[in-house]
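Student: For what it's worth, UniProt numbering labels the leading residue of the sequence shown as 1, then goes sequentially.
C-beta: ideal position from N, C-alpha, C; glycine also.
One structure coming up, written as structure tokens, with questions to follow.
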Amino acid sequence: MSTTARSIETSPLGYARLGGGLYLVIILFGAFAEGFVTSKLVISGDAGATAHNILASPALWRLGVAANVLVVLCAVPLLWIEYLLLRPVSKKLVQLAVLFNLVSLAVEAVSKVFLLLVLPILENTGYQPAFGPQQLPILANLALKSHDLAFNIALLFFGFTCLVNGYLIFKSGYFPRLIGILMQIAGGGYLVACSAALFAPALADVLLPAILLLPLIGESSLCLWLLVKGVDSAQWHARVSRSSRF
């Protein structure tokens, strides 16, 4: 048995608290990047106004992009912790959740490249002879649109991750079943919202942003439980003991 396996089996609470801390960072940084910076600077349907806002507040834009990148970085160790915490329930299903999550993070990481391109496109005067000053905002807007498309694809895979993890949490015995249900509802919310954004924009205009409250409630509940309560140690050791027999 590896050192990590022995550590998690004897003291899962520390891993749960670390996972809760990482989840909290992801939620806060994501809210800052998407809920504050993007909503403040990006004007839907107006590439010129968006370019003006970003050029007027380059430091704020860079902070937002940095927060977006840090979300992906923090999600990698969180993925590992979730795997360790949910492995005693079903090794095959938790591996499926990891697979969905890895694809989600890979696509999300690529999506952040488009965000990193926006400010250099707008600030680099060397592009003007080729595109003209009026076309640079359109080129930057294309990068923003590309980010949104890739991000929605990433969240589709994450929606499946939430569905599988929610089931594992529900069946675990050492996490509240309610949190498992809320995580599955969160996964459903992601699937509906992102499918609409990608394939039915008119429906997305009706559903968004209200439907995103479902993922926010589900993920926040798991985050807070990990931070405050961690895991039920007695139920954890009982589950580990049962799983080790098979």
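Using beta-carbon positions only, say whether residue 189 and residue 222 come within less than 8 Å of one another.
Tutor: No, the Cβ-Cβ distance between residue 189 and residue 222 is not below 8 Å.
Student: Are the CB atoms of residue 186 and residue 209 nearer to each other than 8 Å?
Tutor: Not in contact: residue 186 and residue 209 (Cβ atoms no closer than 8 Å).
Student: Would you call residue 250 buried or exposed, if buried means 16 or more other Cβ atoms sit within 10 Å of its Cβ?
Tutor: The structure shown has nothing for residue 250, since the chain only spans 1 to 246.
Student: Compute the Euclidean distance between the alpha carbons of residue 233 and residue 13, then round it to the nearest angstrom.
Tutor: Taking the straight line from one Cα to the other gives about 8 Å.
Student: Could you give the residue range of the alpha helix (DSSP H) that holds residue 106?
Tutor: Unbroken alpha helix (DSSP H) run through residue 106: 91-123.
Student: Relative to the C-alpha of residue 99, which residue among 28, 76, 18, 56 is closest?
Tutor: Per the Cα distances, 76.
Student: In three-state DSSP terms, what is residue 174?
Tutor: Note: residue 174 maps to coil in three-state DSSP.
Student: Go through its chain and collect everything with a Cβ distance to residue 157's Cβ below 8 Å, but skip five positions before and after it.
Tutor: Counting only Cβ-Cβ distances below 8 Å, and skipping sequence neighbours, we find 100, 101, 103, 104, 107.
Student: Quick one: residues in its chain with C-beta nearer than 6 Å to the C-beta of residue 256, no 5 flanking neighbours on either side, listed in chain order?
Tutor: This structure cannot settle anything about residue 256, because the visible part of the chain is limited to 1 through 246.
Student: In its own chain, which residues sit with a C-beta less than 6 Å from the C-beta of residue 71, not counting the 5 before and 5 after it?
Tutor: Counting only Cβ-Cβ distances below 6 Å, and skipping sequence neighbours, we find 26, 29, 30.
Student: DSSP three-state call for residue 134: helix, strand or coil?
Tutor: Coil.
Student: Beta-carbon separation of residue 228 and residue 175 under 8 Å?
Tutor: Their beta carbons are not under 8 Å apart, which means residue 228 does not touch residue 175 by this criterion.
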